[in-house]
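Beneath this line is the structure, given in C-alpha cells, with notes to follow.
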Amino acid sequence: MAQEQVRALRKYFAADDQKKFYYEGIVGRGGQATIYKVKYVRPGGDLNTARSLVLKIANPKRGSDVQETIREKEILMDLRGCKHIVRCIVGPGDSLAPASAERNWAWIYLDRIENGTLTGFMNRAKQNGMVRLPNRVLWPIFLCLVRACIAMAWPRNAEDLNESIVRTLAPPSGLTHNDIHGDNLLFGSYLDHPEHGRTPILKLIDFGLAARM
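What follows is the structure, encoded as C-alpha cells:
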C-alpha cells in the first residue's frame, strides 16, 4: 500500500506539464497521514533554486482521517502569517488537484524545517553530559513557545515580525493545539534577531488535533 501511494504521487507530479513538484523521499507515517519530502520549483525557476517542502497526505485506504487533515489545513491557512508556527504553502496549479476526486486524498504542503525536534535536542544534550541547559539557551526556547501560543490566540499576517500582545487586541480565537510536546516543536534557522542569533527559531507543527473552544 505504501509503495502504491508513492507511485501514485510520482504519477501526479510527472503529469504536470510545468513540473512544479519533485518527489524526494518519505519522512515517516504518523497517526493520520504519511509525510514526504518534496521540492517545489517556482515558475521560471529550476531545481537549484527549488523550495524544500514536506507533503502530508491523508489516504482513506490507509486508515487516514481525511476530514481531520482538511480541518488542519484550514487552521494552518489562518495561521500563515505567524512566525513561530509552521507555514502552510499554497501555490497556483497544484499537481495533486485530481487526487481529491480520484482517490479522496487530502493533503497539506508545509515548509520543511530541517534542524530537528526539541525532543531530539534535549536527548543529544543529555548524551553529551549536560545536566541543565544555560539560561541563554532556555529563554529563547520559552519565548518561542509563548509566541506560538500568542499566534494561536491572535493570528496575524506579518511573518517577519514576532508575535506579541497589545492592549487593543480583539477577543482570542479560542484555538487550542491539544498536542504540544517536544516532537511537535521543530528548530528552524538562525535569524538576524536577538532572540534567534544564538538559538534557532522554534516552530510549532502538527495541528491535526487542534480545535476551537
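Oh and the sequence shown: position 101 is 102 in the numbering used here, straight run, nothing missing.
No residue lacks a Cβ here, since even glycine has one placed at the ideal position from N, Cα and C.
These numbers were taken from a predicted model, which means no experiment stands behind them.
Would you say proline 173 and alanine 154 are within 8 Å of each other, going by their C-beta atoms?
yes
Relative to the alpha-carbon of lysine 40, which residue among Ser165, Gln33, Ala152, Val55 has its alpha-carbon at the smallest distance?
Val55
Would you kindly work out how many angstroms separate the C-alpha atoms of glycine 198 and serine 190, rounded to a whole number?
9 Å
Helix, strand or coil: how does DSSP classify tryptophan 155 here?
coil
Please state the DSSP three-state secondary structure of valine 55.
strand
Going by the DSSP bridge assignment, what does arginine 113 pair with across the sheet?
Paired residue(s): none; arginine 113 is not in a bridge.
Environment of aspartate 18 [buried if 16+ CB atoms lie within 10 Å]
exposed
Closest Cα partner of glycine 183 within the set Gly175, Arg43, Ile142, Ile166
Ile142
Which full runs of the alpha helix (DSSP H) of 4+ residues lie inside the stretch 82-113, going along the chain?
98-104
For alanine 152, does the count of other Cβ atoms within 10 angstroms reach 16, so buried, or fall short, so exposed?
buried
Tell me whether valine 132 sits in a helix, a strand or coil according to DSSP, three-state version.
coil
With H, G and I counted as helix, E and B as strand and the rest as coil, what does DSSP make of lysine 74?
helix
Run the CB neighbour count on arginine 88, radius 10 Å, all protein chains shown included, and call it buried at 16 or more, exposed below.
buried
In the DSSP assignment, the alpha helix (DSSP H) including arginine 8 goes from what residue to what residue?
3-16
How about the stretch 123-139 and the stretch 33-53: do they share at least three Cβ pairs that are nearer than 8 Å?
no
Simplified DSSP assignment, three categories, for phenylalanine 188:
strand
Give the DSSP bridge partners of glycine 26, in chain order.
Lys38
Tell me whether isoleucine 58 is buried or exposed, calling it buried when 16 or more other Cβ atoms sit within 10 Å of its Cβ.
buried
Can you name the start and end residues of the beta strand (DSSP E) that leucine 205 belongs to?
203-205
May I ask you to list the residues that DSSP assigns as paired with leucine 176?
Arg213
Helix, strand or coil: how does DSSP classify threonine 118 here?
strand
Nearest to arginine 11 (by Cα), restricted to the options Ala3, Tyr24, Glu196
Tyr24
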